[in-house]
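Asks:
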Amino acid sequence: MDTSIAPSAAQDSAGRLKAFRAELTRQKLDGFIVLHSDEHQGEYLPPRAERLAWLTGFTGSAGLAIVLAKEAAIFVDGRYTLQVRDQCDGRLYMFQHVSDEPPAAWIKDHLPKKARLGFDPWLMTPGQVNRFRAASEKAGGALVAVKTNPIDAVWSDQPAAPISPAFVHEARFAGKPSREKRRAVAKTLERDSIDAAVLSAPDSICWLLNIRGGDVPYSPLVLCFAVLHADATLDLFIDSRKLTPAVEKHLGKQVRVHGLDSMGAALDKLGTGKKTVRVSLDATPAWIYDRLTAAKARIAPGPDPCQDPKAEKTAIELDGMRAAHRRDGAALCRFLAWIEKEAPKGGVTEISAAATLEAFRREGEHFRGLSFPTISGAGANGAIVHYKVTAKTNKPLKTDSLYLVDSGAQYLDGTTDVTRTVAIGNPTAAMREHVTRVLKGHIALGSARFPRGTTGSQLDILARRALWDAGLDYDHGTGHGVGHFLNVHEGPQRISKAPNTVALKPGMVISNEPGYYKTGAYGIRIENLVAVTPVEQTTGEKDLLAFETLTLAPIDLNLVESKLLSRQEKDWLNAYHERVRKTIAPLVDAKTAHWLKAATRPIN
């Protein structure tokens, strides 16, 4: 994310909001919905699309604002309730928890009668449009699509669209040739009597075509659109400046390349040809849906057909993920050894710690950058779930406190994401109890066996039970899907309280990350990535699945209260630490290996 946007936005929020409202008046609008999104519904946006950050100063990866003539509100989830108050002016915006008072409910209560509430159809999905339209109509108003985003009209120095060169993701990493992937996905379309599918998610297109790029921070994506046909040919809509001769040769004749301005005509052609077109109502821009509808195409609502096969990693992709996690684990162990030695001396800060960890990772083979901004939170800053350190908030790692570091990297053979909570000095009894309860949940989920067809929402309670027993909880999901050298947050699988119908399947990679956050004091999270694997068994009536832990890094034993762990939990932790030690020790220097031996000592 381009953090250069945020400080200036915070300094001039009132002026920007005033100019924005003036533009709304000029466009005959009484309000506008400002989303944290781009045309592809991505989490990490190119600088040009950081409209919410430019207007409000809020730089979180999820949120939205609703601006009316005389009032405005900004909506965030539990990860950002503290951050939004730090970054946004409470005199200008009401702060709303997206679950406690959803935007649609707020619109119903606050939108004046006969008001015209604007939205950008490129930045909102058909599903979102339907929800916001219903809320607007209940309030007696109307939801109105705009041709020109009013923020773009007043953002005088808005960055240009990215044109980073694409590159071929080699077969030794990708696992399957692009042609084979296209044929397999096309067969699913043909099976469902669908002529074509619109692909607007760059991770789907990059996976399908075995290409990668650098159009957004932290994810190796090429921003583009595509239409996959049932005959396995594909129309790719992209700024041609991104395509090198090597990529053009790689794509081959079955991939027809067009400029972005040609997409409207291509959608019209699908309509005039009476084609049946798969469209994801929760991921495709409303502009595309409306264009197809106007052209009389037969819309077949359904999920992006690439999402499931992309999530179910091949044997080659899983081997790559394992290799990436070995190298990543070596870097993280070097960092944890360094923290233990240097932090008690003083002088280590959140920023210097994050920089040191990145430097260790950069030495690893196939490293291509971080997979998200490192969350480096000392003391109370660790309680901010998606904390992002700045020069203003930077804290030293003080003795007798907790330090939370959530970090990850992009490697050509895999994507990593790991969180560890570390004691600096002597932890309190409360710290040890809270960490141990989080660890109990982590172990319960990580060691689970479950029948095929089980969803993440059915497993979520395993990670929370030990916290619930003590009247504690955390306000975020327990697990998110992870891509293979793609997005660090990637569906369709997830583990959370929220109901979902996506069954966990072999090959899926997902995080296991329960936590606990004591506002104003400290934050705790223990996160490993795990892969869903079949269980070999000779008894029982159901085919079972389990989790293979991919992440390899010690859990701070100074924070573990062993008397709170059962014998089975101790055995799990000891076995995990033995595996970490045997795998990582040969990959690090002698001093780190010596530290690792102590850090992974068995507990009784």
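Residue numbers (the numbering used here): 21 to 624.
Ideal placement from N, C-alpha and C gives every residue a C-beta, glycine not left out.
Kindly indicate which three-state DSSP category Glu568 falls into: helix, strand or coil?
Replies: Here Glu568 sits in strand by DSSP.
Asks: Residues in the same chain with beta-carbon distance under 8 Å from Pro447, minus the five sequence neighbours each way, listed in chain order, please.
Replies: For Pro447, where only same-chain residues beyond five positions count, the Cβ hits under 8 Å are Asp420, Leu422, Val455, Asn578, Leu579.
Asks: Tell me which same chain residues have a C-beta within less than 6 Å of the C-beta of Ile25, skipping the five on either side of it?
Replies: Low local confidence applies: a pLDDT of 45 at Ile25 is under 50, so the model's placement there is unreliable, with the coordinate-based value given in what follows. So the list reads Glu70, Ala73, Trp74, once near-sequence residues are dropped.
Asks: Under the assumption that Val164 contacts Val218 (Cβ atoms under 8 Å), give the Cβ distance between them as a whole number of angstroms.
Replies: With a Cβ gap of about 24 Å, Val164 and Val218 do not count as contacting.
Asks: Per DSSP, which residues does Gly349 bridge with? Please list them.
Replies: None, per the DSSP bridge assignment.
Asks: Specify the secondary structure class of Gln430 as computed by DSSP and reduced to three states.
Replies: Gln430: strand per DSSP, three-state reduction.
Asks: Looking only at DSSP bridge pairs, what is His249 linked to?
Replies: Answer is Ala216, bridged to His249.
Asks: For Ala374, which residues in the same chain have their Cβ closer than 6 Å to its Cβ, ignoring the five residues on either side in sequence?
Replies: Excluding positions up to five away in sequence, the list reads Thr394, Ser396.
Asks: Is it a yes or a no for the stretch 238-255 touching the stretch 206-216, going by three-plus beta-carbon pairs under 8 Å?
Replies: Taking 8 Å as the limit for Cβ pairs, the verdict is that the stretch 206-216 does touch the stretch 238-255.
Asks: When DSSP labels each residue in this structure, what does Lys538 get in the three-state scheme?
Replies: Lys538 falls in the strand class under three-state DSSP.
Asks: Assuming contact is defined by CB atoms lying nearer than 8 Å, are Arg354 and Val600 in contact in what I supplied?
Replies: Contact: no.
Asks: Using the C-alpha atoms, what's the distance from Ala523 back to Val555?
Replies: Taking the straight line from one Cα to the other gives about 16 Å.
Asks: Here's a check: name, in chain order, each residue in its chain whose Cβ is nearer than 7 Å to the Cβ of Val118, leaving out the five neighbours to either side.
Replies: Cβ within range, chain order: Phe95, Val96, Asp97.
Asks: Per DSSP, Tyr423 is paired with what?
Replies: Paired residue(s): Ala398, Val442.
Asks: Pick from Phe470, Ile336, Pro132, Arg211: whose alpha carbon is nearest that of Gly527?
Replies: It is Ile336.
Asks: From Arg203 to Leu506, what does the alpha carbon distance come to, in whole angstroms?
Replies: Roughly 21 Å between the two C-alpha positions.
Asks: Among Val236, Arg311, Gly195, whose alpha-carbon lies nearest the alpha-carbon of Pro185?
Replies: Of the candidates Val236, Arg311, Gly195, the one whose C-alpha sits nearest the C-alpha of Pro185 is Val236.
Asks: What first and last residue would you give for the beta strand (DSSP E) that runs through Leu278?
Replies: Before going on, a small fix: residue 278 reads as His here, not Leu. Element bounds for His278: 275-278.
Asks: Relative to the C-alpha of Ile546, which candidate in Asp493, Ile575, Trp488 has its C-alpha closest?
Replies: Nearest C-alpha to Ile546: Ile575.
Asks: Do Arg457 and Ala486 have their C-beta atoms within less than 8 Å of each other?
Replies: Their beta carbons are under 8 Å apart, which means Arg457 touches Ala486 by this criterion.
Asks: Hey, would you say Leu287 sits closer than 8 Å to Leu312, going by beta carbons?
Replies: Yes, they are a contact pair.
Asks: Any idea what DSSP makes of Asp563, helix, strand or coil?
Replies: In this structure, Asp563 counts as coil in the three-state DSSP scheme.
Asks: What's the C-alpha gap between Ser28 and Glu210?
Replies: Low local confidence applies: a pLDDT of 47 at Ser28 is under 50, so the model's placement there is unreliable, with the coordinate-based value given in what follows. Using only the alpha carbons, I get a separation of about 51 Å.
Asks: Confirm, please, whether the CB-CB distance from Leu55 to Met144 is below 8 Å.
Replies: Contact flag set, yes.
Asks: Quick one: Cα of Asp50 to Cα of Ala135, how far?
Replies: Cα to Cα, the separation comes out at about 6 Å.
Asks: Can you check the stretch 475-517 for any alpha helix (DSSP H) of at least 4 residues that lies completely inside it and give the ranges in chain order?
Replies: Segments of the alpha helix (DSSP H) lying fully in the stretch 475-517: 476-488.
Asks: Taking the runs of the alpha helix (DSSP H) that are 4 residues or longer, which of them lie wholly in the stretch 169-239?
Replies: Within the stretch 169-239, the complete alpha helix (DSSP H) runs of at least 4 residues are 170-174, 191-194, 198-211, 222-229.
Asks: Along the chain, where does the beta strand (DSSP E) containing Phe95 start, and where does it finish?
Replies: Segment 92-96, the beta strand (DSSP E) holding Phe95.
Asks: For Lys138, which residues in the same chain have their Cβ closer than 6 Å to its Cβ, ignoring the five residues on either side in sequence?
Replies: Here residue 138 is Gly; the residue named in the question, Lys, does not match the sequence. For Gly138, where only same-chain residues beyond five positions count, the Cβ hits under 6 Å are Leu49, Phe52, Val164, Val166.
Asks: Considering only the alpha carbon of each residue, which of Ala429, Gly340, Leu564 lies closest to Ala194?
Replies: With distances taken between Cα atoms, Ala194 lies closest to Gly340.
Asks: Give the secondary structure of Ser586 by DSSP, where H, G and I count as helix, E and B as strand, and everything else as coil.
Replies: In this structure, Ser586 counts as coil in the three-state DSSP scheme.
Asks: State yes or no: is the C-beta of Leu479 within less than 8 Å of the C-beta of Leu465?
Replies: In contact: Leu479 and Leu465 (Cβ atoms closer than 8 Å).
Asks: Buried or exposed: which applies to His189, given that a residue is buried once 16 or more other Cβ atoms fall within 10 Å of its Cβ?
Replies: It is buried - the Cβ of His189 has at least 16 other Cβ atoms within 10 Å.
Asks: Just to check my reading of the structure: Leu356 and Ala613 have Cβ atoms closer than 8 Å, yes? What is that Cβ distance to the nearest angstrom?
Replies: That belief does not hold up - the Cβ atoms of Leu356 and Ala613 are roughly 13 Å apart, past 8 Å.
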